[in-house]
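**Student:**
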Amino acid sequence: LFSFVGLKAEGLIFDVPQDTSKLQSLNEVIITSSTKETNNLQTLPASVSFLTPVVLEGRKIVNVKDLSAVIPNFFIPDYGSKLSVPIYIRGIGERSTGQSIGMYMDNMPYLNKSVFDFEFLDISQIEILRGPQGTLYGRNAMSGMIHIRTHSPLHSQYGKISLTTGNYGLFRARVAASELIRENLGLTISGYYDGNSGYFTNQYNGKKADKLRSAGARMRLDWKINPNWEAQLTGSYDKVEQGAFPYGVYTNGNTSKPNYNSPGDYSRQIAGGSFNLKYENSSILINSNTGFLYFDDDMKMDLDYSPASKFRINQLQSERSWTEELTIRSNTNNNYQWSFGIFGFYNDLKTNVVTTMEKQTLAEMQQGFTILHERDTTHRVPLMTITDSEIPIPGLFKTPSYGGAIFHQSTYNNLFIEGLSAIAGVRLDYEKVKLNYDTHMHMHLDITKGVFGPMHIDSTVITHLQGKHQTSFTEILPKIALKYEFDPKNYIYGTVSNGYKAGGYNIQSFADIIRDASQKRPGAEDVSVIDLVSYKPEYSWNYEVGFKGELVKDYLFTEVAFYCIAVKDIQITDFVESGQGRILKNAGKAKSVGFDLSLSAFITPELSFYLNYGFTRATFKDYKKKEQSTNGQLEEINYSGNYIPFAPQNTLSLSGVYMKNIQNKWIDSFNMQVHYNAVGKIYWTEENDISQDIYGLLNARIGVNKGILGINFWASNLLNTKYTAFYFESLGQNLAQSGKPFTFGVDVNLSF
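Note that the working numbering has the sequence shown beginning at 882, numbered continuously upward.
#1: Would you mind working out which of N1142, G961, N1212 and N1077 sits nearest P1127, comparing C-alpha positions?
#2: Taking the alpha carbon of S1037 as the reference point, which residue from R1210, L1102 and D1229 has its own alpha carbon closest?
#3: Can you give the Cα-Cα distance for D896 and L1035, rounded to whole angstroms?
#4: What residue range does the alpha helix (DSSP H) around D1412 cover?
#5: List the DSSP bridge partners of H1036.
#6: Once DSSP output is grouped into helix, strand and coil, what is the label at D947?
#7: Less than 8 angstroms between the beta carbons of Y1524 and Y1564, yes or no?
#8: Report the three-state DSSP secondary structure of D1091 (helix, strand or coil).
#9: Chain B beta carbons: is any one of them nearer than 8 angstroms to that of F1250?
#10: Which same chain residues end up closer than 6 angstroms to I1328 when comparing Cβ atoms and leaving out the 5 residues on each side of it in sequence?
#11: For W1203, does the three-state DSSP call read helix, strand or coil?
#12: Report the rounded CA-to-CA distance for N1142 versus T1292, giving the unit in angstroms.
#13: Along the chain, where does the alpha helix (DSSP H) that runs through A1244 open and close?
#14: Determine the contact status of E1642 and T1171, defining contact as a CB-CB distance below 8 angstroms.
#15: Helix, strand or coil for N1379 per DSSP?
#16: Out of R1193, P1359 and L1093, which has the shortest C-alpha to C-alpha gap to Y1147?
#17: Specify whether the stretch 1234-1246 and the stretch 1200-1216 touch according to this definition: at least 3 beta carbon pairs, one from each stretch, less than 8 angstroms apart.
#18: From L1413, F1443, Q1150 and T1376, pick the residue whose C-alpha is nearest to that of L1465; which is it?
#19: Would the C-beta of G1475 count as close to the ligand PLP, meaning under 7 angstroms from any of its heavy atoms?
#20: Quick check: the Cα distance between I968 and I957, rounded to an integer number of angstroms?
#21: What does DSSP give as the partner residue(s) for W1422 in the beta ladder?
#22: Assuming M1322 contacts I1394 (C-beta within less than 8 angstroms), just tell me the rounded distance between them.
#23: Ordered along the chain, which non-local residues of its own chain (more than five positions away) have a Cβ less than 6 angstroms from that of L1301?
#24: For G892, which residues from the same chain have a beta carbon less than 6 angstroms from its beta carbon, with the 5 sequence-adjacent residues on both sides left out?
#25: Between the C-alpha atoms of T1624 and D998, what's the straight-line distance to the nearest angstrom?
#26: Between Y1283 and Y1374, is the Cβ-Cβ spacing less than 8 angstroms?
#27: Going by the DSSP bridge assignment, what does P1486 pair with across the sheet?
#28: Excluding five sequence neighbours on each side, which residues of the same chain lie with their C-beta closer than 6 angstroms to the C-beta of N1648?
#29: Suppose the cutoff is 7 angstroms on Cβ atoms and the five residues either side in sequence are ignored; what does the same chain contact list for T1602 look like?
#30: Would you call the stretch 1532-1540 and the stretch 1485-1497 touching, i.e. three or more CB-CB distances under 8 angstroms?
#31: Report all residues from its chain with a CB closer than 7 angstroms to the CB of L1309; omit the five preceding and five following residues, and keep chain order.
#32: If you draw a straight line from the alpha carbon of E1200 to that of D1229, how long is it in whole angstroms?
#33: Nearest by alpha-carbon distance to S1619: which of N944, Q923, K1120 and D959 is it?
#34: Who are the Cβ neighbours of V1538 in its own chain at under 6 angstroms, not counting the five residues just before and after it?
#35: My guess is that V1560 and P1529 are in contact by the Cβ rule of under 8 angstroms, so how many angstroms apart are they, rounded?
#36: How is the beta strand (DSSP E) around Y1018 delimited, first residue to last?
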């Protein structure tokens, strides 16, 4: 839809600055230059999509999860809480710890995907690049990149007020103001509130399980110091309080309503900002971006997701990150273009976790102690009685990391012949991550023993694990590409690039480890804690060929790309044995093949149609693991050839947009939009025995504008399609979350 619009077709495009281009039909300007890319963003030899404010508003895209399926082979299941942002591009992604997708906000990187799900506020443009972007963006960008840009007060001044209301208690308010303080100094301030009463009711207490309240603000100060120097200061704050994890029992394709007794909620606050300093003349562009971001969150979850009192968890995270990137690139019209850069970061993450074994779990443990005692005919095994009402297992985990990179990219245009371009780049990436852990468990026992009569002994079993470890990763990330332009509107390309995601530590494994350590029998084999919690890096090679062009002059544009991704040591998510948390593990080799297709048809100046389709076949190529069989023995299971869980085989977006300007009438304009997004088939397990068939959601919007006032009526999931948004297995249960139902509402906008 948005990848190829903006080409200079006569009558549709107006003269704009050199680093921007005007979108066809939408009358919006997009940014086409980058502080480190040596090519125009719209004509990159890669799959790239642009989303503008009109597109975001028309599709009601207010956060990153709303982008799912809008872009070919781009999928984010919406489940759990704002903590969960599992992004999959072309079948490669990660649903728990770590990230395969990079995200930047105004040139500042976000290092943790726990903060990816925030409210889009005062956005001027979103760019989504598919395929590895490691050369320019590093290990965070193994399968793609998202770059979000906010409005500059130096380029446009305005005031906006937007109110939204709908069913399920939806209420959203946004305000924004952008003004010039003086000719070369401008300020933008914006804020929002978003809330709803929740979609799913917890049967245990009759209350909504997923109620949401969030609010935040953003500011941007731009200063054009002189014709060559420009400074930018940004700041933001975001706070979320939400019910979370509305999971129910999954049986034969049906998900029951949530029904659990322990709290399930998530709260978070994020604050940060960046300082950007840019120098530009007719030869070079130098850019420095210094960023800081912190977030604190608090997650409470019923780990057995049932009315029984078995396990619960309370996890608190506190993170402080600092980043610095300095780039310099050529800024001429010569055939040869180059860029160099250095990048450094420090990320200080502390996680405080308390996993609690509740009374029913203790009763099951007690039953085991009793059976051992009763089976002993020699009367040597004492009767051990647990006297605790519940047993907490607290743990403090510090996982600071730091790293740096140097990178370079060159582009040579008109190589040997007119229209042929060659691009080459390389990045040296280094990262060190540390783990300091301190966790313990206390169990109080009444021990009864004695041949001639009972003798009671009070005992406390204390298991304590404490230690430190560190590891580092160094990787070289190359990229080469060729592009041939038949003319400025049509070109083909081929790209080979390397992707990389660092390894790390699974801190959620520790509850199981310390439980096993407390029950360890004398003489049992010692296993290194680090061996149990570590996972290795993941590597990939991406091969891609594509075409972008104009099929029918001024009316029909297309973009198509075919790709093959070979992955080594793929990282996938699994649950620990007890179900008390999710971990990353390496699963051998994998392969993803498929294609992206976009078509944009401008039938008349008012009417346009768009198609975005992605097909992916992502499978394990060499993955075997040992699992316990029904007879208690370990047996090897071969998953080679199976589909990778959570990666949809198809994404489809069909859209029709009608926008009509009306003169000398009681309204100034009329708009109507219909969008159909489909996703599937999705396999939820490595065995490929549980899946979600392809499903589609129909959304619509109709509205009018008069002067400064705009009113739009909208509906999402018009057909009330039933589908599963998430599935997993824990503590012997099949669990899932249903997708959101039919919703509707109205937007009222004031622009001045």
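We put the CB at the ideal spot given by N, CA and C, even for glycine.
In this text, all values refer to a predicted model and were calculated from it rather than measured experimentally.
**Tutor:** The short version:
#1: G961
#2: L1102
#3: Reliability fails at D896, whose pLDDT of 37 lies under 50, so the model's placement of it is uncertain and the value that follows must be treated cautiously. Cα-Cα distance, rounded: 19 angstroms.
#4: V1410 to V1414
#5: None, per the DSSP bridge assignment.
#6: helix
#7: yes
#8: coil
#9: Of the protein chains in this structure there is only one, and it is not chain B.
#10: P1263, M1265, I1338 and S1340
#11: strand
#12: 60 angstroms
#13: K1240 to R1256
#14: Summary: the structure shown does not reach residue 1642, with the chain confined to residues 882 through 1633, and so no result is reported for it.
#15: strand
#16: L1093
#17: no
#18: L1413
#19: The model on display carries no ligand, and the ligand PLP is accordingly not part of it.
#20: 5 angstroms
#21: N1379 and A1447
#22: Not a contact, Cβ separation roughly 10 angstroms.
#23: Y1365
#24: Note that G892 scores 29 on pLDDT, short of 50, meaning its location in the model is unreliable; the coordinates nonetheless yield the value given after this. The answer is none, since no qualifying residue turns up.
#25: 21 angstroms
#26: no
#27: Answer by DSSP bridge pairing: none, since P1486 is not bridged.
#28: Residue numbering for the chain in the displayed model covers 882 to 1633; residue 1648 lies beyond these limits and cannot be assessed.
#29: Y1576, G1577 and L1578
#30: yes
#31: A1286, I1287 and I1357
#32: 5 angstroms
#33: D959
#34: S1489 and Q1554
#35: 5 angstroms
#36: Element bounds for Y1018: not the beta strand (DSSP E) but the alpha helix (DSSP H), G1015 to Y1018.
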